[in-house]
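Asker: Per the numbering used here, residue 19 is the first one in the sequence shown, and the count goes up by one each step.
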Amino acid sequence: MAKNVLYTYEDLECALKKYITFDDELNVIKKAYQYASDAHMGMLRKSGEPYIQHPISVAMILTDIYADYQTICAALLHDTVEDTNTTIEEIEEKFGKEIAFLVDGVTKINQINFSTESEATIAYQRKIFVGLSEDVRVIIIKLADRLHNMRTLWALSEERQKKNAKETLEILTPIAHRLGIHKIKSELEDLSLRYLKPDVFYSIVERLNQTKLERDMTVQDMLKEVSELLNAHDIKHEIKGRAKSIYSIYNKLNKGRSWDDIFDLLALRILVNTEQECYIALGLIHSKYRPIPKRFKDYVSRPKTNMYQSLHTTVFGIDGFQFEIQIRTHNMDQIAEYGIASHWSYKENNGGNNSNASKSMQNDMEHKLQFFRSIIELQDEGATDEEFVNTVKSDILKANIYVFTPKGDVIELPNGATPIDFAYKVHTEVGNKMVGAIVNNSIVPLDYELKSNDIVKINTNKTSLGPSKEWIDIAKTNQAKTKIKAFFFKKDKTEYIEIGEELVKKELRKRKLSFSEVWNDENINKIIYELKLKDLEDLYFNVGSGKYTATHIINIINAPEKSKEDYVMDKVILKDPKKLNIKNDIIVEGIDDIMVNLASCCKPIKNDEIIGFITKGNGISIHRKNCHNIIDFSERLLPVYWNSNITKKYPTTITIEANLVKNPLLDIITKAANNGVNIENINTVSRSQVVVYEVTILVSDTTVLDKFMNDLYNLDFIKKVERIIK
Numbered sequence: 019m020a021k022n023v024l025y026t027y028e029d030l031e032c033a034l035k036k037y038i039t040f041d042d043e044l045n046v047i048k049k050a051y052q053y054a055s056d057a058h059m060g061m062l063r064k065s066g067e068p069y070i071q072h073p074i075s076v077a078m079i080l081t082d083i084y085a086d087y088q089t090i091c092a093a094l095l096h097d098t099v100e101d102t103n104t105t106i107e108e109i110e111e112k113f114g115k116e117i118a119f120l121v122d123g124v125t126k127i128n129q130i131n132f133s134t135e136s137e138a139t140i141a142y143q144r145k146i147f148v149g150l151s152e153d154v155r156v157i158i159i160k161l162a163d164r165l166h167n168m169r170t171l172w173a174l175s176e177e178r179q180k181k182n183a184k185e186t187l188e189i190l191t192p193i194a195h196r197l198g199i200h201k202i203k204s205e206l207e208d209l210s211l212r213y214l215k216p217d218v219f220y221s222i223v224e225r226l227n228q229t230k231l232e233r234d235m236t237v238q239d240m241l242k243e244v245s246e247l248l249n250a251h252d253i254k255h256e257i258k259g260r261a262k263s264i265y266s267i268y269n270k271l272n273k274g275r276s277w278d279d280i281f282d283l284l285a286l287r288i289l290v291n292t293e294q295e296c297y298i299a300l301g302l303i304h305s306k307y308r309p310i311p312k313r314f315k316d317y318v319s320r321p322k323t324n325m326y327q328s329l330h331t332t333v334f335g336i337d338g339f340q341f342e343i344q345i346r347t348h349n350m351d352q353i354a355e356y357g358i359a360s361h362w363s364y365k366e367n368n369g370g371n372n373s374n375a376s377k378s379m380q381n382d383m384e385h386k387l388q389f390f391r392s393i394i395e396l397q398d399e400g401a402t403d404e405e406f407v408n409t410v411k412s413d414i415l416k417a418n419i420y421v422f423t424p425k426g427d428v429i430e431l432p433n434g435a436t437p438i439d440f441a442y443k444v445h446t447e448v449g450n451k452m453v454g455a456i457v458n459n460s461i462v463p464l465d466y467e468l469k470s471n472d473i474v475k476i477n478t479n480k481t482s483l484g485p486s487k488e489w490i491d492i493a494k495t496n497q498a499k500t501k502i503k504a505f506f507f508k509k510d511k512t513e514y515i516e517i518g519e520e521l522v523k524k525e526l527r528k529r530k531l532s533f534s535e536v537w538n539d540e541n542i543n544k545i546i547y548e549l550k551l552k553d554l555e556d557l558y559f560n561v562g563s564g565k566y567t568a569t570h571i572i573n574i575i576n577a578p579e580k581s582k583e584d585y586v587m588d589k590v591i592l593k594d595p596k597k598l599n600i601k602n603d604i605i606v607e608g609i610d611d612i613m614v615n616l617a618s619c620c621k622p623i624k625n626d627e628i629i630g631f632i633t634k635g636n637g638i639s640i641h642r643k644n645c646h647n648i649i650d651f652s653e654r655l656l657p658v659y660w661n662s663n664i665t666k667k668y669p670t671t672i673t674i675e676a677n678l679v680k681n682p683l684l685d686i687i688t689k690a691a692n693n694g695v696n697i698e699n700i701n702t703v704s705r706s707q708v709v710v711y712e713v714t715i716l717v718s719d720t721t722v723l724d725k726f727m728n729d730l731y732n733l734d735f736i737k738k739v740e741r742i743i744k
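1) Is the beta carbon of His348 less than 7 Å from the beta carbon of Leu289?
2) Please state the DSSP three-state secondary structure of Leu723.
3) Quick check on Ser175: buried or exposed, where buried means 16 or more other Cβ atoms within 10 Å of its Cβ?
4) Using DSSP with H/G/I as helix, E/B as strand and the rest coil, what is Pro321?
5) For Val457 and Val474, I'd like the C-alpha separation in whole angstroms.
6) Looking only at its chain, what residues have a beta carbon closer than 6 Å to the beta carbon of Lys201, apart from the 5 residues adjacent to it on each side?
7) Grouping DSSP H, G and I as helix and E and B as strand, with all else coil, what is Asn479?
8) Span of the alpha helix (DSSP H) holding Arg654?
9) Compute the Euclidean distance between the alpha carbons of Ile715 and Ala691, then round it to the nearest angstrom.
10) Using the beta-carbon count (16 or more within 10 Å), is Glu698 buried or exposed?
11) Compute the Euclidean distance between the alpha carbons of Ser276 and Thr170, then round it to the nearest angstrom.
12) Where does Leu241 sit, in a helix, a strand or coil, going by DSSP?
13) By Cβ distance, which residues of its chain are closer than 6 Å to Leu684, with the 5 residues on each side in sequence left out?
14) Tell me, please, which residues DSSP counts as bridged to Met452.
15) Note down, in chain order, each residue of its chain lying with its Cβ closer than 7 Å to the Cβ of Gly564, except the 5 sequence neighbours on either side.
16) Please state whether DSSP places Lys667 in a helix, a strand or coil.
17) Relative to the C-alpha of Lys315, which candidate in Ile343, Asp97, Ala54, Gly338 has its C-alpha closest?
18) Closest to Cys620 by CA distance: which of Arg527, Ile743, Leu733, Ala93 is it?
19) How do the segment 44-60 and the segment 81-94 stand: do at least 3 beta-carbon pairs fall below 8 Å, yes or no?
20) Alpha carbon to alpha carbon, how far is His58 from Tyr69?
21) Within the segment 454-537, note down every full alpha helix (DSSP H) run reaching 4 residues or more, in order along the chain.
22) Taking C-beta to C-beta, are Arg313 and Ser328 nearer than 7 Å?
23) Going by Cα to Cα distance, which pick from Glu111, Ala285, Phe726, Lys425 is closest to Asp239?
24) Between which two residues does the alpha helix (DSSP H) containing His9 stretch?
25) Please list the segments of the alpha helix (DSSP H) lying wholly inside the segment 143-207, counting only runs of 4 or more residues, in order along the chain.
26) Which term fits Asn182, buried or exposed, when burial requires 16 or more other beta carbons within 10 angstroms of its beta carbon?
27) Trp489: buried (16+ other C-beta within 10 angstroms of its C-beta) or exposed?
28) For the segment 247-259 and the segment 194-208, state whether three or more C-beta atom pairs, one from each stretch, are separated by less than 8 Å.
29) Can you name the start and end residues of the alpha helix (DSSP H) that Tyr711 belongs to?
30) Please list, in chain order, all residues of the same chain as Leu247 whose beta carbon is under 8 Å from its beta carbon, the five residues on each side excluded.
31) Is it buried or exposed for Val761, if we count other Cβ within 10 angstroms and need 16 for buried?
32) Find the nearest neighbour of Asp465 within the set Lys666, Ala441, Val448, judged by alpha-carbon distance.
33) State buried or exposed for Lys528, treating a residue as buried only when at least 16 other CB atoms are found within 10 Å of its CB.
34) Using CA coordinates, which residue listed in Val713, Ile736, Asn663, Val658 is at the minimum distance from Lys680?
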């Protein structure tokens with residue numbers, strides 16, 4: 019691990035001039051440094067260093083991976099908006115939109131608390147993860163920022179040390195792995211282990227130090243032998259002894275490997291000029307040293323999804339020591355160490371200031387990793403915020419098996435993944451039309467657990483009716499689960515449309531009106547215009563899902579044309595009861611002028627026994643007295659009462675458990691309409707031997723609610739109806 023070093027601007031400039039040759043760009047960097055230095059003037063870090071040491075150290079880390087000048091500028095400026103009076107607008111004015119965009123991106127990431135699972139935080143994480151697909155340089159700056167912070171983590175409290183180390187290990191190192199930036203990933207892992215498990219960390223360090231001299235001598239002897247072998251066959255090469263990271267040793271110990279096994283295993287890395295020479299070198303090494311079976315991996319012909327390429331083999335070398343040998347080209351080595359960052363335009367264009375080439379490089383970077391494609395695809399699937407973030411964390415950041423399509427394309431999945439997960443990773447329609455799976459030329463069940471190097475073929479049928487709901491339980495990835503749920507949402511929508519159409523026809527029959535005469539284009543368009551709907555399907559869906567009753571729909575047809583004054587009144591009257599100010603509906607004892615909100619967890623309605631909960635900054639939250647969410651906060655409760663004069667409807671939620679019959683929703687919606695209850699939303703919670711609906715309704719008081727619930731029990735197929743508190 020690198021030590022924390024104090025740098026000057028001259029140190030940074032010296033590092034930059036090794037690959038940035040244009041004075042204009044160096045001048046912008048110097049301007050950014052001076053701006054940051056002035057902004058942070060007088061500020062100290064917890065370590066006691068002048069604050070400017072942090073941004074300049076982040077920039078120095080980025081010079082190791084040949085970051086472009088915009089990225090270096092953003093690194094120098096990345097804390098100015100968060101920690102000083104500087105605004106993004108000022109950054110844009112002085113340094114342009116691109117640098118301002120990068121600074122803004124890093125600032126937003128710094129505001130995330132990854133360990134908090136509140137709805138707001140989850141929604142924000144979603145924005146950040148999607149944002150990464152717009153410009154990968156944002157996260158590269160963040161990785162360098164975190165690396166320097168980890169190097170100075172000793173200055174924080176033990177609690178903060180563990181929190182930051184945990185966040186680093188769970189969120190940021192997997193992203194570094196996805197981007198292929200091994201150099202940063204490895205140091206972040208070691209530093210995280212140092213603070214999370216200091217006893218383990220220092221015991222490994224001690225064992226390494228005890229055997230270092232012997233291992234170094236053995237590696238040098240082996241290096242010399244292999245070099246002579248390659249020279250004899252005119253293969254130009256470079257050989258490096260490869261130190262194992264402390265975290266990788268810890269992982270092997272965790273998997274049951276013994277200390278002796280780990281410390282007897284030494285490592286070399288051979289760099290050659292061409293891909294062909296990789297295989298020639300491999301053949302020469304295998305001819306001289308006995309390879310260990312099942313330890314050969316070819317990532318040259320089948321690269322990992324983060325672009326990593328190398329040949330891996332393990333052989334018995336000098337004095338019986340096992341040697342892990344990696345063979346790759348110099349270019350492959352750059353990608354292995356720096357991943358996607360190895361494609362900076364300076365490196366590819368030899369320092370040329372070509373904006374088109376730079377844009378081309380950026381587009382290339384954004385599309386090379388399946389990681390980013392997965393994020394964009396998931397965004398398009400319509401996943402909820404929580405589903406989205408859980409998928410990124412569990413399916414994308416922690417994926418670690420590699421399977422292949424019949425054409426040899428690599429698909430990366432998490433441990434335990436099934437053919438269902440594979441199918442939906444390939445394409446949504448492949449999953450929806452899947453009828454079976456073949457793994458390594460054998461038919462397997464859909465719950466088969468895939469393993470690395472499996473070759474998977476998905477059998478599809480265009481006439482397939484789609485996935486089964488049981489697949490949601492079989493699938494291991496949130497991505498597959500989300501896509502299956504999306505399929506059934508669309509299917510349920512069709513069901514609601516059919517129910518809505520039937521309810522309209524039933525209402526017309528009830529009024530002894532002819533469907534063909536009344537239900538014409540003129541009247542349908544009148545309803546669509548009045549309710550601001552999209553089309554006839556949308557109209558049926560809103561009736562079928564309970565948003566509007568069929569009675570209300572037909573009444574619109576018979577209603578007289580509205581005057582101009584009526585339309586004006588419609589605009590000033592709030593029709594959604596949830597949006598009405600409830601301040602005058604609730605009497606707060608001893609307080610007149612205060613913000614009042616109905617709690618979303620227990621959703622009280624008139625005549626419920628209620629209590630007021632004093633929130634922090636959001637006024638009084640009104641709960642039902644039996645709400646479990648306020649039990650432990652007696653000191654923040656105060657008496658409140660319903661105003662007896664109110665006549666509004668309020669939302670509350672009930673669950674309805676019913677036996678499977680044809681169109682149960684039709685009868686439920688009819689009962690609601692008969693009781694003056696508006697259905698706001700219906701969500702199917704489960705569907706096996708019984709179906710469970712979670713229904714949000716608008717109701718005036720508990721008397722109406724009780725009558726509606728009792729009426730539901732009169733339906734033969736209803737098993738249970740209850741009001742819920744979340």
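Even glycine gets a Cβ: it sits at the ideal position worked out from N, Cα and C. Model, not experiment: these values are computed from the prediction.
Answerer: With the structure as the only source:
1) Against the sequence shown, residue 348 aligns to sequence position 330. Against the sequence shown, residue 289 aligns to sequence position 271. Yes, they are a contact pair.
2) The residue you call residue 723 lines up with position 705 of the sequence shown. Assigned with DSSP and collapsed to three states, Leu723 falls in helix.
3) Mapped onto the sequence shown, residue 175 falls at position 157. Exposed, by the Cβ-count rule.
4) Against the sequence shown, residue 321 aligns to sequence position 303. It is coil, neither helix nor strand.
5) Numbered from its first residue, the sequence shown carries residue 457 at position 439. Numbered from its first residue, the sequence shown carries residue 474 at position 456. Each residue's Cα considered, the two are about 5 Å apart.
6) Taking the sequence shown and counting its residues from 1, the one referred to as residue 201 is at position 183. Within the same chain, Lys201 has close Cβ partners Glu355.
7) Within the sequence shown, residue 479 is the residue found at index 461, counting from 1. Note: Asn479 maps to coil in three-state DSSP.
8) For the purposes of this step, residue 654 is taken as the residue at position 636 of the sequence shown. Premise fails: Arg654 is in no alpha helix (DSSP H) and is neither H nor E.
9) Here residue 715 refers to the residue found at position 697 of the sequence shown. Here residue 691 refers to the residue found at position 673 of the sequence shown. The alpha-carbon atoms of Ile715 and Ala691 are separated by roughly 11 Å.
10) Position 680 of the sequence shown, counted from the start, is the residue given in the question as residue 698. Glu698 should be labelled buried.
11) Counting from 1 along the sequence shown, the entry for residue 276 is found at position 258. Counting from 1 along the sequence shown, the entry for residue 170 is found at position 152. Straight through space, the alpha carbons of Thr170 and Ser276 are spaced by roughly 32 Å.
12) By 1-based counting over the sequence shown, the position of residue 241 is 223. Three-state DSSP puts Leu241 in a helix.
13) Within the sequence shown, residue 684 is the residue found at index 666, counting from 1. Answer for Leu684: Ile517, listed in chain order.
14) Stepping through the sequence shown from its first residue, residue 452 is reached at position 434. Paired residues: Thr478.
15) As a working mapping, residue 564 is identified with position 546 in the sequence shown. Non-local C-beta neighbours of Gly564 in its own chain, meaning closer than 7 Å and more than five positions away in sequence, comprise Ile687, Ala690, Ile697, Ile700, ordered along the chain.
16) Here residue 667 refers to the residue found at position 649 of the sequence shown. Here Lys667 sits in coil by DSSP.
17) Indexing the sequence shown from 1 puts residue 315 at position 297. Restricting attention to Ile343, Asp97, Ala54, Gly338, the CA atom closest to the CA of Lys315 is found in Ile343.
18) Against the sequence shown, residue 620 aligns to sequence position 602. Out of Arg527, Ile743, Leu733, Ala93, Ile743 has the C-alpha closest to the C-alpha of Cys620.
19) A contact exists between the segment 44-60 and the segment 81-94.
20) Taking the first residue of the sequence shown as position 1, residue 58 is located at position 40. Taking the first residue of the sequence shown as position 1, residue 69 is located at position 51. Using only the alpha carbons, I get a separation of about 6 Å.
21) Inside the segment 454-537, DSSP marks whole alpha helix (DSSP H) runs of 4 or more residues at positions 489-492, 496-528, 533-536, from first to last along the chain.
22) Position 295 of the sequence shown holds residue 313. Position 310 of the sequence shown holds residue 328. Contact flag unset, no.
23) In the sequence shown, counting from the first residue as 1, residue 239 sits at position 221. The option with the nearest alpha carbon to Asp239 is Ala285.
24) The structure shown has nothing for residue 9, since the chain only spans 19 to 744.
25) As far as the segment 143-207 is concerned, its whole alpha helix (DSSP H) runs of at least 4 residues are 155-169, 176-185, 191-197.
26) One-based indexing of the sequence shown puts residue 182 at position 164. The residue in question, Asn182, is buried, as its Cβ has 16 or more Cβ neighbours within 10 Å.
27) Residue numbering aside, residue 489 sits at position 471 when the sequence shown is read from its first letter. Buried: at least 16 other Cβ atoms inside 10 Å.
28) The answer is no - the segment 194-208 does not touch the segment 247-259, with fewer than three Cβ pairs under 8 Å.
29) Within the sequence shown, the letter at position 693 stands for residue 711. Boundaries for Tyr711: no alpha helix (DSSP H) harbours it, while the beta strand (DSSP E) harbouring it runs 708-717, taken from the DSSP string.
30) Residue numbering aside, residue 247 sits at position 229 when the sequence shown is read from its first letter. Taken in chain order, the residues that qualify are Leu302, Ile303, Lys306.
31) Since the displayed the chain opens at 19 and closes at 744, residue 761 lies outside it and no answer follows.
32) As a working mapping, residue 465 is identified with position 447 in the sequence shown. The shortest C-alpha separation from Asp465 is found at Ala441.
33) Indexing the sequence shown from 1 puts residue 528 at position 510. When all chains shown are included, Lys528 counts as exposed.
34) Taking the first residue of the sequence shown as position 1, residue 680 is located at position 662. The residue among Val713, Ile736, Asn663, Val658 with its C-alpha nearest the C-alpha of Lys680 is Ile736.
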